[in-house]
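Since the structure comes first, as structure tokens, the remarks are kept for the end.
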Amino acid sequence: MKSQILNSINHLKQLNENPFTLQKIAYWLYEYNDLYKEVKNYSEILCEQCQQWKANGLPYDCLQEAEYCNKRYRYFTNFYEEVEYGIKVQELDAVCKVAVEEYKTYNNDSQLKEWLIKYFDIGYNKLAIFYYDHLEYSVDNDEVVHPHFGNSPIGEFGVCIDRKYYENLIEFDDVFKILLYERKINPEKLKEIEEEMQKIAISMIPIPKID
Numbered sequence: 024m025k026s027q028i029l030n031s032i033n034h035l036k037q038l039n040e041n042p043f044t045l046q047k048i049a050y051w052l053y054e055y056n057d058l059y060k061e062v063k064n065y066s067e068i069l070c071e072q073c074q075q076w077k078a079n080g081l082p083y084d085c086l087q088e089a090e091y092c093n094k095r096y097r098y099f100t101n102f103y104e105e106v107e108y109g110i111k112v113q114e115l116d117a118v119c120k121v122a123v124e125e126y127k128t129y130n131n132d133s134q135l136k137e138w139l140i141k142y143f144d145i146g147y148n149k150l151a152i153f154y155y156d157h158l159e160y161s162v163d164n165d166e167v168v169h170p171h172f173g174n175s176p177i178g179e180f181g182v183c184i185d186r187k188y189y190e191n192l193i194e195f196d197d198v199f200k201i202l203l204y205e206r207k208i209n210p211e212k213l214k215e216i217e218e219e220m221q222k223i224a225i226s227m228i229p230i231p232k233i234d
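Taking my numbering, I'd label the letters of the sequence shown as residues 24 to 234.
Okay, here's the thing in structure tokens:
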């Protein structure tokens, strides 16, 4: 299995045109989907040591990923899923194009508020991590930034997919954030988001033990 993983990642490296084309990434994902499933299933089977820890009520998620542990190949499934996200999120580019075209026809806050409501799930939920996790990493304002979807665990290369496939998505994300956070076109929803974030922050504060 280790040699299969190594071969698959080396194959991906050979496909790189710096940046990758969407078609070559989709081809690689298809080509090694069976290997991904095999590794995924193998990783979910507890090794003898993990079974023993589980039986004794101890943590058994083998973070060490030792050579005897079935979870030792999770680096491949994690990497595969990062790359796969690049394909899945790109599927939103078409609907984002429609949304941006709609946005450009509106000229008052009432229409823009309806636009935010209509596309809230895409802008706030489905694209929540896209910009900050996959696009905002350039230190040069003049540089063309291509979305980045993971670093190879073997072979020392990153997976950047050509920006041209995400242009509508990027434009939509910019417009959505400006309307929601800067212009505050939908103050009720913004207040709801802030209250929800406060609840999450409070729940993460440890409660001191009283003797």
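Every residue, glycine too, gets a C-beta built ideally from N, C-alpha and C. Note that the coordinates shown come from a computational prediction; the quantities given were computed from them, not determined experimentally.
Rounded to whole angstroms, what is the Cα-Cα separation between residue i and residue j?
i: glutamate 205; j: lysine 187; result: 26 Å
i: tyrosine 147; j: glutamate 218; result: 15 Å
i: isoleucine 193; j: lysine 77; result: 45 Å
i: lysine 127; j: proline 42; result: 30 Å
i: leucine 58; j: phenylalanine 195; result: 35 Å
i: glycine 109; j: cysteine 73; result: 33 Å
i: isoleucine 68; j: glutamate 104; result: 19 Å
i: tyrosine 50; j: methionine 220; result: 39 Å
i: histidine 157; j: cysteine 183; result: 9 Å
i: leucine 52; j: leucine 81; result: 36 Å
i: valine 118; j: glutamate 71; result: 48 Å
i: asparagine 64; j: glutamine 75; result: 20 Å
i: aspartate 197; j: glutamine 46; result: 26 Å
i: valine 123; j: valine 168; result: 21 Å
i: serine 26; j: asparagine 79; result: 34 Å
i: asparagine 130; j: lysine 136; result: 11 Å
i: isoleucine 216; j: histidine 34; result: 43 Å
With a cut-off of 8 Å on the beta carbons, I'd call residue i and residue j a contact; round off their distance for me.
i: phenylalanine 102; j: tyrosine 142; result: The pair is not a contact, with the Cβ atoms about 31 Å apart (cut-off 8 Å).
i: asparagine 209; j: isoleucine 145; result: Asparagine 209 to isoleucine 145, Cβ: 15 Å. No contact.
i: tryptophan 138; j: glutamate 125; result: 6 Å
i: serine 175; j: lysine 36; result: 7 Å
i: valine 106; j: isoleucine 48; result: 6 Å
i: arginine 97; j: serine 66; result: 5 Å
i: phenylalanine 180; j: asparagine 39; result: 7 Å
Give a yes or no on whether the C-beta atoms belonging to residue i and residue j are separated by under 9 Å.
i: valine 112; j: tyrosine 189; result: yes
i: isoleucine 28; j: valine 62; result: yes
i: leucine 203; j: lysine 214; result: no
i: aspartate 165; j: threonine 44; result: no
i: lysine 120; j: asparagine 191; result: yes
i: leucine 115; j: lysine 149; result: yes
Helix or strand or just coil, what does DSSP make of residue i?
i: phenylalanine 43; result: strand
i: tyrosine 65; result: helix
i: isoleucine 208; result: coil
i: lysine 136; result: helix
i: asparagine 79; result: coil
i: asparagine 30; result: helix
i: asparagine 130; result: coil
i: methionine 220; result: helix
i: tyrosine 142; result: coil
i: glutamate 215; result: helix
i: tyrosine 50; result: helix
i: tyrosine 8; result: Here the chain comprises residues numbered 24 to 234, so residue 8 is not present and cannot be evaluated.
i: leucine 35; result: helix
Next item on the list: Please go through the segment 147 to 205 and give each complete beta strand (DSSP E) segment of 3 or more residues, from N-terminal end onward.
Entry: DSSP runs (the beta strand (DSSP E)) wholly in the segment 147 to 205: 171 to 174 and 181 to 183.
Next item on the list: Taking only runs that begin and end inside the segment 90 to 119, name each unbroken alpha helix (DSSP H) of 4 or more residues, in chain order.
Entry: The segment 90 to 119 contains these whole alpha helix (DSSP H) runs: 97 to 113.
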